[in-house]
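So the structure is just underneath, and the comments pick up after that.
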Amino acid sequence: MWFRRFCTAGILVSLYTGLRIGEICALQWGQIDLEHAVLSVKKTMQRIFYKEWDGHGHSHLAVTPPKTGNALRDVPLSSFLLSLLRPLALRNTDAYLLTGAPTPMEPRTYRSYFTRFLRANGLPPIRFHSLRHTFATRCIEDGADYKTVSSLLGHASVNLTLNLYVHPQMEAKRRCVECLPVYAAYSTDSHHMKNSSIL
814 MWFRRFCTAG
824 ILVSLYTGLR
834 IGEICALQWG
844 QIDLEHAVLS
854 VKKTMQRIFY
864 KEWDGHGHSH
874 LAVTPPKTGN
884 ALRDVPLSSF
894 LLSLLRPLAL
904 RNTDAYLLTG
914 APTPMEPRTY
924 RSYFTRFLRA
934 NGLPPIRFHS
944 LRHTFATRCI
954 EDGADYKTVS
964 SLLGHASVNL
974 TLNLYVHPQM
984 EAKRRCVECL
994 PVYAAYSTDS
1004 HHMKNSSIL
């Protein structure tokens, strides 16, 4: 029961903060400041594959600092996330969010849990990364500026945010074109619209 609650909390944390799956898997309670409502991204997790001199392949799980300095960031926690995380909070700051223990869960295992979670709740299959995509897109649609969203995602540039995650919806496109003025002239005599030749 507790295991499922921790794992489900990780899904919602990613949806409401835009964290990558490696960042979620590496997230420890010591990085979550409930008093000040902020989450500090300091680590990421990945499985590293390599070959020995004899050609045999091996791999190991590594928790490391993010690849770029921009990925080291503080992300505010919404009141919804605070209400979700407070009952789960652990005194052991070394415990990982997804397991509630000092032993982490690797991304491959968490992806499998996410797939089962969607199926069990009658939800369509999506990639875990779609949660991050949704976070970025919804922030933009709700009026957040691109630079702020880029900072929340830990991107090196605003252009990366725009190219990868922000795709205008048809409704937004329609609102944009409806903002254009009507290029027509009114007759001063009849006050009725009169077609005007622009070309």
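Using my numbering, you'd call the opening residue of the sequence shown number 814 and step up by one each time. Glycine included, C-beta positions come from ideal geometry on N, C-alpha and C. Predicted, not measured: the structure shown is a model, and the values here were computed from it.
- Rounded to whole angstroms, the separation of the alpha carbons of R987 and A914 is 49 Å.
- Following the DSSP letters along the chain, one finds I939 in no beta strand (DSSP E), marked with neither H nor E.
- Annotated as proximal: V854 and G967, with beta-carbon spacing under 8 Å.
- Counted as a single uninterrupted DSSP element, the stretch harbouring L874 is not any alpha helix (DSSP H) but the beta strand (DSSP E) occupying residues 870-877.
- Under the three-pair Cβ rule at 8 Å, the segment 860-867 does not count as touching the segment 884-901.
- Under the three-state reduction of DSSP, P920 is assigned to helix.
- Look at T821 here: in three-state DSSP terms it is helix.
- Under a 10 Å Cβ-count criterion, S963 is classified as buried, with 16 or more other Cβ atoms of the shown protein chains found around its own Cβ.
- Distances from the CA of A839 to each of P879, R904, G935, F948 were compared; the closest alpha carbon is that of P879.
- A distance below 6 Å between beta-carbons, with the five flanking residues on each side excluded, links E836 to the following residues of its chain, in chain order: V854, T857.
- Under the 10 Å beta carbon count, C992 is surrounded by fewer than 16 other beta carbons and is classified as exposed.
- Looking at E848, L852, A933, R818, the one whose alpha-carbon comes closest to that of Y829 is L852.
- One Cα belongs to I834, the other to G956, and the distance between them is close to 26 Å.
- At least 8 Å separates the beta-carbon of A949 from that of N883.
- In the displayed model, T857 falls within a strand according to three-state DSSP.
- In the DSSP assignment, L897 falls within the unbroken alpha helix (DSSP H) covering 892-898.
- The beta carbons of L910 and F819 sit about 6 Å from each other, so the pair counts as a contact at 8 Å.
- Exclusion of the five residues before and after T881 leaves A969 as the residues of its chain whose Cβ lies within less than 7 Å of its Cβ.
- Residue environment: R945 is assigned as buried (16 or more neighbouring CB atoms within 10 Å of its CB, all protein chains considered).
- Between the C-alpha atoms of I939 and H849 there is a straight-line separation of about 33 Å.
- Assignment of R945 by DSSP, reduced to helix, strand and coil, places it in the helix class.
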